[in-house]
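Take a look at the structure set out below.
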Amino acid sequence: VLLHTATANGFQMVTSGAQSKAINDWLIPSVEGRLTGMGGEDLPTVVIVAHYDSFGVAPWLSHGADSNGSGISVLLELARLFSRLYTYRRTHAGYNLLFFASGGGKFNYQGTKRWLEDNLDHTDSSLLQDNVAFVLCLDTLGRGNSLHLHVSKPPKEGTLQHAFLRELEMVVASQFPEVRFSMVHKKINLAEDMLAWEHERFAIRRLPAFTLSHLESHRDSLRSSIMDTRAQIDIKALTRNTRIIAEALTRVVYNLTDKGAPADLQIFTDQMQIQEEQLESVVDWLSSQPRAAQLIDKDSTFLSTLEYCMSHYLKDVKQHHVKADKRDPEFVFYDQLKQVMNAYRYGFPLGTVVLLRGQYLLQQLHLFFLHHRVKPAIFDLLLAVCIAAYLGVAYVAVQNFGLLYKMIQRLSLKTKQQ
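Next comes the structure, spelled out in structure tokens:
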């Protein structure tokens with residue numbers, strides 16, 4: 087084993103590039119839009135949230151198709167459906183609908199945190215300060231035959247969040263029996279550095295919230311994998327999950343169950359049906375580009391397109407920005423974003439690199455690699471020992487050349503006599 091280790095081939099990776107420097111004024115953007123309900127001034131508000139950014143060991147390769155491209159796709163489709171319902175007076179519900187595409191979701195939901203602070207602490211007029219019915223967070227909904235409603239505190243009977251849970255169970259049982267639905271209760275662990283789900287940001291501020299996902303655990307590696315590509319998305323499952331959410335949400339907003347509507351009533355049919363082609367187009371668009379938070383600024387093409395899509399269906403669409411605190415930053419991004427990386431060993435690019443320092447995720451780099459075939463360090467050690475032994479023997483032979491010469495003569499005479 088030692089001989090094999092010493093003689094095996096290895097690779098030495100040499101990088102080139104300027105020293106990375108911290109970017110102190112980087113902004114993480116989020117986008118908000120709303121549909122105003124019809125009726126009195128103190129209408130209940132339903133908040134629908136999904137973070138748009140992705141995460142992976144190589145941010146330039148993290149396309150986040152399911153986490154959380156699927157969540158944004160469902161959010162946009164819900165905005166389209168309810169915008170049509172809110173267009174006509176007879177289908178204009180008495181609920182405000184607030185849509186929020188948050189940034190920095192993979193950085194402990196920094197966009198949501200700042201949005202809550204701005205709306206609850208720094209303003210006197212906000213829908214979040216009034217009558218919030220519940221907050222529905224959408225995360226990883228693009229495949230599988232299961233749906234899990236993650237809660238920090240089980241909803242009490244008689245509340246609107248309990249009504250939504252009941253409607254979800256009813257819609258799944260009556261229209262989609264192949265889907266396994268459950269409620270997953272997990273208390274918020276404030277001792278951990280990272281929150282498990284986005285709804286916990288709202289629960290900390292005492293707003294009723296939950297997250298809907300096909301994942302049963304927040305620790306699933308899919309949520310932070312560069313393997314989360316377009317191939318992971320099942321459009322049929324995404325369309326079905328979108329319809330389940332839309333049907334349940336509509337039954338709550340229009341109070342259909344208490345009005346005697348049957349459990350198997352299909353609301354979104356014909357001209358109001360879920361558009362599978364549009365969902366697929368949105369997923370293709372989202373998964374065609376990396377969406378790591380350190381790659382998207384307020385002027386990026388992705389963000390402007392997202393803002394345009396939301397403004398097509400919603401009112402009062404605007405951006406919110408998060409900037410790291412200079413004294414005690416919760417996240418730090420670094421420059422040197424565009425550098426070329428080449429691999430000469432096989433002739434193919436190797437991908438990208440993420441640097442980690444402490445608990446801060448630093449800016450991803452494209453690096454230039456030169457590969458050289460080298461031996462491991464133990465080979466150098468054995469080679470040095472052999473050279474030292476050789477030189478030692480040579481030194482002893484030179485110092486005792488006379489004695490060595492006589493010994494050789496004796497051996498040669500014995501050989502001739504024999």
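Count along the sequence shown from 1, then add 86; that gives the number in our numbering.
Backbone N, C-alpha and C fix where the C-beta goes; we use that ideal spot for every residue, glycine too.
No experiment lies behind these values; they were computed from the predicted model shown.
Contact set for Tyr181: own chain, Cβ-Cβ below 8 Å, skip 5 residues either direction: For Tyr181, where only same-chain residues beyond five positions count, the Cβ hits under 8 Å are Gly123, Leu129, Pro130, Thr131, Val132, Ala219, Val339.
For Leu467 and Pro115, the rounded distance between their alpha carbons: 54 Å
Ala332 beta carbon less than 7 Å from that of Phe354: Taking 7 Å as the Cβ cut-off, Phe354 and Ala332 qualify as a contacting pair.
When Leu113, Leu162, Phe141 are compared against Ser367, the one with the closest alpha-carbon: Leu162
Three-state secondary structure assigned by DSSP to Tyr491: Tyr491: helix per DSSP, three-state reduction.
Backbone CA spacing between Leu293 and Asp383 [nearest angstrom]: 29 Å
Under the three-state DSSP convention, the category Glu118 falls into: In the structure shown, Glu118 sits in a strand (DSSP, three-state: E or B).
N- and C-terminal bounds of the beta strand (DSSP E) containing Phe185: 182–188
Beta strand (DSSP E) runs wholly inside the region 227–311, at least 3 long, in chain order: 232–237, 266–271, 295–299
For Asp306, the nearest candidate out of Lys322, Arg291, Arg166, Trp283 (CA to CA): Trp283
Distance between Gln105 and Asp225 (C-alpha atoms, nearest Å): 36 Å
Minimum C-alpha distance to Ser148 - residue among Ser310, Leu298, His236: Ser310
Contact check, Ala187 vs Val143, beta carbons under 7 Å: Not in contact: Ala187 and Val143 (Cβ atoms no closer than 7 Å).
Limits of the unbroken alpha helix (DSSP H) element including Lys322: 321–339
Continuous beta strand (DSSP E) stretch holding Thr131: start and end: 131–137
Those runs of the alpha helix (DSSP H) which lie wholly inside the region 370–425 and span at least 4 residues: 387–399
Nearest neighbour of Asn217, chosen from Leu184, His236, Leu233 [CA to CA]: Leu184
Option in Leu202, Ile330, Val135, Leu227 with minimal Cα separation from Gln352: Ile330
Among Val237, Thr343, Arg337, the one whose alpha carbon lies nearest that of Ser303: Val237
Neighbourhood of Leu251 by C-beta, 7 Å cutoff - its chain only, sequence neighbours within 5 removed: Leu235, Pro241, Met269
Where Ser212 falls: helix, strand or coil (DSSP): coil
Val160: first and last residue of the uninterrupted beta strand (DSSP E) it sits in: Counting along the chain, Val160 falls outside any beta strand (DSSP E), though it belongs to the alpha helix (DSSP H) covering 157–171.
Terminal residues of the beta strand (DSSP E) in which Leu342 lies: That residue, Leu342, is in no beta strand (DSSP E); it is neither H nor E in DSSP.
Proximity below 7 Å, CB of Pro376 to CB of Trp112: No, these two residues do not count as a Cβ contact at 7 Å.
Extent of the continuous beta strand (DSSP E) to which Leu222 belongs: Start and end: 218–224.
Endpoints, alpha helix (DSSP H) assigned at Asp204: 196–206
CB of Phe288 within 7 Å of CB of Val221, strictly: Yes, Cβ-Cβ distance for Phe288 and Val221 is below 7 Å.
Check whether Thr315 and Ala136 have beta carbons under 7 Å apart: no
Spatial neighbours of Leu392 in its chain, beta-carbon cut-off 8 Å, leaving aside the 5 residues before and after: The residues are Val117, Tyr138, Ile158, Ala187.
Three-state class that DSSP yields for Ala144 in the structure shown: Coil, per DSSP.
Cα-Cα separation, Glu286 to Phe465: 54 Å
7 Å Cβ shell around Gln503 - same chain, five flanking residues per side excluded: Excluding five sequence positions before and after Gln503, none of the CB atoms of its chain fall closer than 7 Å to its own CB.
Cα-Cα separation, Leu164 to Thr328: 8 Å
Whether Val160 touches Leu227 by CB criterion (7 Å): yes
Assumed close pair Lys192, Tyr420 - CB separation to whole angstroms, cut-off 8 Å: The pair is not a contact, with the Cβ atoms about 16 Å apart (cut-off 8 Å).
Which of helix, strand or coil DSSP assigns to Ala179: coil
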